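Notes follow once the structure below has been shown.
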Amino acid sequence: MNNVSAAQDFTPARASPVGRVLVVEENPKIRNAIVAYLTDHQWSAIGADQRDIPRHLQSRQLSLVTLNARLKMADGLDVLRQIRTRSQVPLIMYKDGQDDGVERVVGLELGADDFMSGALNLHELLARARAILRRQELGRTAPQPTRGGYRFAGCELRHATRDLVSPAGAAVALTRSEYSLLCALLGAPGRTLTRLHLMRATRTHEDISDRSIDVQILRLRRKLDKHAGAGKLITTDRSFGYRFAAEVEPLY
Numbered sequence: 035m036n037n038v039s040a041a042q043d044f045t046p047a048r049a050s051p052v053g054r055v056l057v058v059e060e061n062p063k064i065r066n067a068i069v070a071y072l073t074d075h076q077w078s079a080i081g082a083d084q085r086d087i088p089r090h091l092q093s094r095q096l097s098l099v100t101l102n103a104r105l106k107m108a109d110g111l112d113v114l115r116q117i118r119t120r121s122q123v124p125l126i127m128y129k130d131g132q133d134d135g136v137e138r139v140v141g142l143e144l145g146a147d148d149f150m151s152g153a154l155n156l157h158e159l160l161a162r163a164r165a166i167l168r169r170q171e172l173g174r175t176a177p178q179p180t181r182g183g184y185r186f187a188g189c190e191l192r193h194a195t196r197d198l199v200s201p202a203g204a205a206v207a208l209t210r211s212e213y214s215l216l217c218a219l220l221g222a223p224g225r226t227l228t229r230l231h232l233m234r235a236t237r238t239h240e241d242i243s244d245r246s247i248d249v250q251i252l253r254l255r256r257k258l259d260k261h262a263g264a265g266k267l268i269t270t271d272r273s274f275g276y277r278f279a280a281e282v283e284p285l286y
């Protein structure tokens with residue numbers, strides 16, 4: 035990655051991240067350029083290579099990690115897996131040159147918050163970092179409505195009793211994992227959720243390659259199709275994840 039560009043006529047607003055940015059990059063020239071650019075724009079940043087990551091993750095002062103997808107000592111996706119076993123710190127991956135989309139999708143599914151390809155543009159990197167931290171802060175401060183459950187396609191999912199009630203008023207038995215899975219889908223109707231996201235929601239993500247989430251989706255679909263009678267409520271986005279396709283409203 036020899037082409038690292040930054041906008042010359044752009045004066046961004048001051049940023050105030052909670053902690054520092056960890057720049058994981060083995061090329062000293064690129065690493066120093068990223069750190070210097072972030073520092074010039076009022077961010078606290080520190081450079082590191084792959085070997086330094088565990089030590090830095092022990093600190094709770096990190097706000098963000100930037101990670102080169104093409105490290106020489108280790109595959110960037112493997113490093114991402116290692117980071118996600120230790121921390122949920124926001125992370126941006128980047129790689130030199132265009133990609134066919136597969137690596138980007140895999141990176142996002144493994145837990146990257148963003149993935150950049152092509153010549154590294156520091157202006158764009160900073161803008162994406164700001165957007166991620168802004169969304170994170172909104173998530174912390176936005177008021178969370180008190181919900182007793184969800185209503186969809188004539189069914190009700192009740193949190194207090196963890197019951198799914200069909201349009202006919204019959205109780206539909208759900209396993210603990212099926213309940214957690216349905217809650218995750220109903221909490222983001224119309225939005226595709228990755229398998230990794232759903233695995234975390236059902237606490238089955240110890241093995242990142244485990245496809246048990248597909249089996250759980252299949253079982254949940256059968257129960258919904260049988261009792262809701264509203265066609266396919268859970269749709270598949272190929273190679274990415276699943277989406278709840280019906281309208282959802284808070285129960286109360």
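Heads up, the numbering used here is the position in the sequence shown plus 34, with the first residue counted as 1.
For glycine and all other residues, C-beta sits at the position ideal for the given N, C-alpha and C.
Nothing here was measured: the structure is a model prediction, and the numbers come from that model.
For residue i, I'd like the list of residues in its chain whose CB is within less than 8 Å of its CB, leaving aside the five on either flank, ordered along the chain.
i	result
ILE80	ARG54, VAL55, LEU56, VAL57, VAL69, HIS90
HIS231	ALA218, GLY275
Excluding the five sequence neighbours on either side, which residues of its own chain have a C-beta within less than 6 Å of the C-beta of residue i, listed in chain order?
i	result
THR100	VAL57, ILE126
GLU283	ARG185
PRO223	PHE278, VAL282
ILE166	PRO124, ASP147
ARG118	GLY145
LEU258	LEU267
Do residue j and residue i count as a contact pair if the criterion is CB distance below 9 Å?
i	j	result
GLY183	LEU191	yes
LEU208	LEU254	yes
GLY152	GLN122	no
GLY145	LYS129	no
Please report the residue range of the alpha helix (DSSP H) in which residue i lies.
i	result
LYS260	246-262
GLY110	110-120
ASP74	62-74
VAL57	No alpha helix (DSSP H) holds VAL57; the beta strand (DSSP E) holding it covers 54-58.
ALA318	Limits of the chain in this structure are 35 at one end and 286 at the other, which puts residue 318 out of reach.
GLY141	136-143
When DSSP builds the beta bridges, which residues end up paired with residue i?
i	result
ILE268	PHE278
MET150	TYR128
VAL123	Answer is none; VAL123 lacks a bridge partner.
GLU283	ARG185
ASP197	ARG192
THR100	VAL57, ILE126
To the nearest whole angstrom, what separates the beta carbons of residue i and residue j, a pair I think is in contact under 8 Å?
i	j	result
ALA235	SER214	5 Å
Which stretch, first to last residue, makes up the beta strand (DSSP E) that contains residue i?
i	result
TYR213	Note, TYR213: premise wrong, no beta strand (DSSP E); alpha helix (DSSP H) at 210-220.
If I measure Cβ to Cβ from residue i and keep anything under 7 Å in the same chain, skipping five residues before and after, which residues do I get?
i	result
LYS106	GLU60
LEU96	GLY53, ARG54, LEU56, HIS90, VAL123
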